[in-house]
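For the record, in the sequence shown the residue sitting at position 585 is 589 according to my numbering, with numbers rising by one throughout. All residues carry an ideal CB built from backbone N, CA and C; glycine is no exception. It should be emphasised that the depicted structure is a prediction, and the values quoted were computed from it without experimental measurement.
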Amino acid sequence: MRTYKFLTTFIALFMLASCDVNIIVSSSTSHDSSNVSSSITTSDSSTSSSQFSSSSQTSSSSTVTSTSSSSSITDSEGYVITPDDYFTNKHYIEDENKMTSYVKIPSMPDNYQEYKGFKAYVSGTKLPLYNVKVNRNHYFSPNNYNRADSAVGIIKLEGKTTVQVQCPFKISTISIKPVAANIKATIDNVYNVASFEVSSSGQYTVEINGSTEYVLHLFVDGTEDDYSSYKTNAIYFGKGIHTKDNSNYINDNNEIVLSSNQTLFIDYGAVVRAKIVSYNSTNVKVVGGGIIDGSIFDRDANANTRAIPFDFSFCSNITLKGITFLDPAGWCLNVYFCDTVTVNNVKIITSRANGDGISLQSVKNAYVDRCFVRTFDDSIVVKNYPKWSNRNEEGTTKNINVSNCLIWTDLAQSLEIGYETVGEVMEDIKFKNITVLHNFHKPVLSIHNSNNANVKNVTYENITVDDASMGKGDGYSAVIEFNSKYSSTWSNVQKTTKLGSVDNVKVTNLLVRGTSTTYPIIIEGDKESRSGYEQTEHYVSNVYLLDIKFGGKTINALNTKINKNEYTKGIYLLEPSGEEITGANLYRNLDDSQLANYGKNVSVSLI
């Protein structure tokens, strides 16, 4: 009898270890997880998952709740085999006195590349992870990119839900940003699973073992993000991948051309591989929870091959809501000579040359709110351009409002004005309630006036920098840089002009977390020295710096050196107000009292 029990146990363990086991197979994706490899590979490079096993970074947002077991059995992908009911909704019970939370998980098209570095589950249901490229380098490259795979997950949420991430390697730390969300994760080191709760719409990054390349970008839409009313009389893209080969709406140039009073609706589960173009139009809307994917298009800055996914010129009353833009082949949002522009809850990840996120050029009355922007160039940038058809007609920029956004800048600046500033009027530009998750290269807040603009009335208010790592690659470590200077690189790109000025800039309530390092603040004007121009002086004037904190240290005139030259006047580092320096306010669609109405029961559906 003992021999029989031993043999049956041995045979069972042998069969279990030999099988390619998938504990949870959710209908949320039709991908066959048996094809998943235990290593992480990209078309640009190959990286073993063992790189996740250690990190020099630590995170206070993770706690270990169990220890690893030497008896763990892994499947062919390297994942520890969990009990049958591990990834289920078993922890949630019906509570008649509380409200039920609702989660909707969009499906992923069958032939879209799924991320293979880890798995994610939402209230026990497997979450499809879209593969997206991010750039490892922190210097400009026109082509031959050094990129890594990263993950995007999309859900709709009413109430709260538990997210679990299982890795085929040991999880040492996990950091969930924005830091202000105060999301704490627990780590189960028996099954290499990190768990945390999400209770608000918004965008989150889940960074495992200190990696900023292999990240879960979790995009959570809430009840306020209901776009169904836009479907009526719209150009509609439903589930699946849409290209010029299978859609009559996409022309041979891979363009969806929109005219006045048209609406383009890209639904959850839809992936559109095309460029959206509109010229000299009014009342144009692009909305929905779907994806515009630029990965199939070539981007070579030397050969000038590109495919800008959102390209609007000379338009008015533009609305862009909800769309996720992945891997654009150049700039992502190109808005040129437009008036009255609304951009809301848009998500952007770029990794190729000139991968600016939101680029507003000669725009009036723009409202950018609740967006996530991770870029391989300037994240949000405001410029003045001349008209291409007649460069004597210069641009005007007025009333630009950017609020409640999350920024991750792998290259260049986070919140930039310039360098191209052709046109004398650039005024009333406001950045408010912004969280910079990471900045690796150049300044967080910047004005580079290299043409003839008189840049004035600029406000940076309630800004948080979770990770100030400026200076990597060929960057430099300044956190703020405001100048009005000739640039041999940029001053002649759009049109050669005289120089302008910068006046009345306010930076209020800036919090740089995690360090007491006093980063440089650079403020410089210039004296014209070019032949053919009067030798005039061009000043940066009336700059007000109030309530700025680096780590635990509030800066003041005694402990901060502002790098300025003789062409500045009225630079004021004001004494702290005494109020708490909090940085950006976190957008939440439900407050604590509303969340208290939700119990433990969660209803999950696949859409």
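Proximal residues to residue i (C-beta, below 6 Å), its chain only, five neighbours per side dropped
i: V449; result: The identity of residue 449 in the sequence shown is Leu, whereas the question assumes Val. Only L419, Y464, I484 meet the Cβ criterion.
i: T612; result: Residue 612 lies beyond the residue range present for the chain, which begins at 5 and ends at 611; the question has no answer from this structure.
i: D617; result: The first residue shown for the chain is 5 and the last is 611, placing residue 617 beyond what the model contains.
i: Q168; result: Y125, V197, S199
i: L599; result: S203
i: T227; result: E162
i: N508; result: K460, N461, N546
i: V84; result: S76, T78, Y195, N196
i: A307; result: none
i: V511; result: Y464, L549
Beta-carbon separation (whole angstroms), residue i vs residue j, contact threshold 8 Å
i: V126; j: L330; result: Rounded, the Cβ-Cβ distance is 20 Å, inconsistent with contact.
i: P110; j: Y240; result: The Cβ separation is near 15 Å, so there is no contact.
i: G361; j: T379; result: 4 Å
i: K181; j: Y143; result: At roughly 24 Å, the Cβ-Cβ gap does not stay under 8 Å, so K181 and Y143 are not in contact.
i: G479; j: S454; result: 18 Å between Cβ atoms; not a contact.
i: N408; j: Y591; result: 5 Å
i: G292; j: G326; result: 5 Å
i: P146; j: A357; result: 5 Å
i: V281; j: D229; result: Their Cβ separation, rounded to whole angstroms, is 25 Å, which puts V281 and D229 out of contact at 8 Å.
i: I175; j: N186; result: The Cβ separation is near 20 Å, so there is no contact.
i: T104; j: N605; result: 5 Å
i: T572; j: G529; result: 6 Å
i: T346; j: I322; result: 7 Å
CA nearest to the CA of residue i, picked from the options
i: T86; options: L549, T519, K123; result: K123
i: I585; options: N487, S145, G555, C342; result: G555
i: N141; options: F444, S481, R534, T521; result: F444
i: D304; options: D297, P332, L324, E162; result: P332
i: V339; options: S355, Q365, R356; result: Q365
i: T439; options: E538, G587, T521; result: G587
i: V367; options: S383, S488, N405; result: N405
i: S233; options: T267, L515, V210, A357; result: T267
i: E397; options: T425, R374, S609; result: T425
i: N139; options: L131, N150, T129; result: N150
i: N388; options: D373, N496, M430, K130; result: M430
i: G582; options: I552, K573, V608; result: I552
i: S618; options: L515, H452, D471, G518; result: Nothing about residue 618 can be read from this structure; the chain reaches only from 5 to 611.
i: I411; options: S179, F486, K351, S205; result: K351
i: D297; options: Q117, E579, Y576, N487; result: Q117
i: L441; options: E201, G529, S264, V516; result: V516
i: Y283; options: I260, V275, I295, I300; result: I260
i: G294; options: K164, N265, T328; result: T328
i: D89; options: T129, C336, N560; result: T129
i: K557; options: P524, E428, G518, L577; result: G518
i: F301; options: I566, C336, Y119; result: C336
i: K446; options: Y523, K568, I322; result: Y523
i: V506; options: S317, K188, S520, F486; result: F486
Beta-carbon contacts of residue i that lie in its chain and below 7 Å, excluding the five residues immediately before and after
i: F56; result: Low per-residue confidence applies at F56: pLDDT is 43, beneath 50, and the placement is therefore not dependable, though the value from the model is reported in the following sentence. Here the set comprises C171, F173, I212, N213, S215, Y218.
i: N589; result: N437, N466
i: S320; result: T286, C342, D343, T344
i: G475; result: S481
i: K108; result: I159, K160, S609, I611
i: T417; result: Strictly speaking, residue 417 in this sequence is Gln, with Thr absent from that position. Excluding positions up to five away in sequence, the list reads D382, K446, P447, S450.
Beta strand (DSSP E) segment containing residue i, residue limits
i: S154; result: 151-162
i: D343; result: 343-348
i: Q365; result: 362-365
i: V606; result: 602-610
i: V406; result: 400-407
i: S317; result: 314-317
i: Y340; result: 337-340
i: Y371; result: 368-373
i: L330; result: 328-330
i: G574; result: 572-577
i: L415; result: 410-415
i: R534; result: That residue, R534, is in no beta strand (DSSP E); it is neither H nor E in DSSP.
Delimiting residues of the alpha helix (DSSP H) encompassing residue i
i: D551; result: Element bounds for D551: not the alpha helix (DSSP H) but the beta strand (DSSP E), 544-554.
i: D225; result: First-last for D225: 219-225, but that is the beta strand (DSSP E), not the alpha helix (DSSP H).
i: D596; result: 596-599
Same chain, Cβ closer than 8 Å to residue i, neighbours up to 5 away in sequence not counted
i: S597; result: none
i: D470; result: K181, P182, V183, T439, V440, L441, H442, R517, G518
8 Å Cβ cutoff, residue i in contact with chain B
i: A184; result: The displayed structure is made up of one protein chain only, and chain B is not part of it.
message: Going residue by residue through the stretch 93-143, where are the continuous alpha helix (DSSP H) segments of at least 4 residues, counting only ones entirely within it?
response: none
- prompt: Hey, which unbroken runs of the beta strand (DSSP E) at 3 residues or more fall wholly within the stretch 419-505?
  reply: 419-425, 429-443, 449-453, 458-469, 484-488
Beta strand (DSSP E) segments (min. 3 residues) lying fully within the stretch 196-278: 197-202, 206-212, 219-225, 239-241, 244-246, 259-262, 267-270, 274-276
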